[in-house]
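These notes concern the structure reproduced below.
Next up, the structure:
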């Protein structure tokens, strides 16, 4: 596959997912020292993307090829792997927000989380998921919904606190009374590292797929139980609004879910690029 760079060409081989093939097949131009401008009407709108993200994408494609042909990481040591806890919001009895057409938040959360987990695992991360199917994590015998939700959140928090060297990324969707609201937004725990992680994730999503998004990240309040009580860097990514008809249609597609996963993934890599020493996390 041929890429039309001004300075040389890069050939990528292997059987890759369609949405990644589309990404690598874009026309890159206006290369400068720090930025590339990417324009592709069928995949991304015009956006200025840090060169790191572009180079990172190439590494992912090459890595997919290696994984598909039986390559393994040399000197793999679980103790040295960076750990990411992925929390697919809601699940089981708790569907989360529901769109006007009946689309349920929990299902999209899980799809995005599972793809994000694949990206991370294929790049050498240790991934812990709070759920891997349509289940909740509560263990109470109380049949009250409020009691089940409380138990579910407590168990997710306990899991988070079992990994002192990890980061925690919770995937959710938003809903608002005003249908014009759109775009991702990240909430972060009271930790400078969490704030930094949130910035990297939001900037990555905006640069890759939501150039019109001007939403500002916010520190979580006591109403966000998991983040407020987190003891490790923790963020909650609201990937979009189910209440916005245009955004809802995109959120329902696997292609857009994959793009969101990739954007979050790039943000996580940017974060770990800053904190290369695992002892700092």
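Numbering (our numbering), first residue to last: 31 to 311.
Even for Gly, the Cβ is constructed at its ideal location relative to N, Cα and C.
Remember, predicted model here, so these are calculated numbers, not experimental data.
| field | Close Cβ partners of residue 168 (< 6 Å) along its chain, the five nearest in sequence each way excluded | value | Excluding sequence neighbours, residue 168 sits near 178, 181, 182.
| query | For residue 151, which residues from the same chain have a beta carbon less than 7 Å from its beta carbon, with the 5 sequence-adjacent residues on both sides left out? | reply | Correct list, in chain order: 157.
| task | Quick one: residues in its chain with C-beta nearer than 6 Å to the C-beta of residue 290, no 5 flanking neighbours on either side, listed in chain order? | result | Residues of the same chain with a CB within less than 6 Å of the CB of residue 290, apart from the 5 flanking positions on each side, are 142, 269 in chain order.
| Residue from 298, 293, 120, 116 with nearest C-alpha to residue 213 | The alpha carbon of residue 213 has as its nearest neighbour, out of 298, 293, 120, 116, the alpha carbon of 293.
| Quick one: what does DSSP say residue 155 is sitting in, helix, strand or coil? | Coil.
| field | Residues near residue 187 by beta carbon distance below 8 Å, same chain, minus five either side | value | Cβ neighbours of residue 187 beyond the five flanking positions: 255, 256, 259, 260.
| message | Counting C-beta neighbours from all protein chains within 10 Å, is the total for residue 285 16 or more, i.e. buried, or is it exposed? | response | With a 10 Å radius around the Cβ and a threshold of 16 neighbouring Cβ atoms, residue 285 comes out exposed.
| Buried or exposed (CB count within 10 angstroms, at least 16 for buried), residue 300 | If you draw a 10 Å sphere on the C-beta of residue 300, you find 16 or more other C-beta atoms in it, and that means buried.
| query | What do you reckon, are the CB atoms on residue 240 and residue 220 nearer than 8 Å? | reply | Not closer than 8 Å, so no.
| Enclosing alpha helix (DSSP H) for residue 232 [first to last residue] | Segment 222-239, the alpha helix (DSSP H) holding residue 232.
| task | Check whether the Cβ atoms of residue 192 and residue 113 lie closer than 8 Å to each other. | result | Taking 8 Å as the Cβ cut-off, residue 192 and residue 113 do not qualify as a contacting pair.
| residue 215 bridges to which residues according to DSSP? | Beta-bridge pairing links residue 215 to 268.
| What number of angstroms, rounded off, separates the C-alpha of residue 267 from the C-alpha of residue 185? | Their Cα atoms are separated by approximately 20 Å.
| task | Quick one: using the 10 Å Cβ neighbour count with 16 as the cut-off for buried, is residue 200 buried or exposed? | result | The residue in question, residue 200, is buried, as its Cβ has 16 or more Cβ neighbours within 10 Å.
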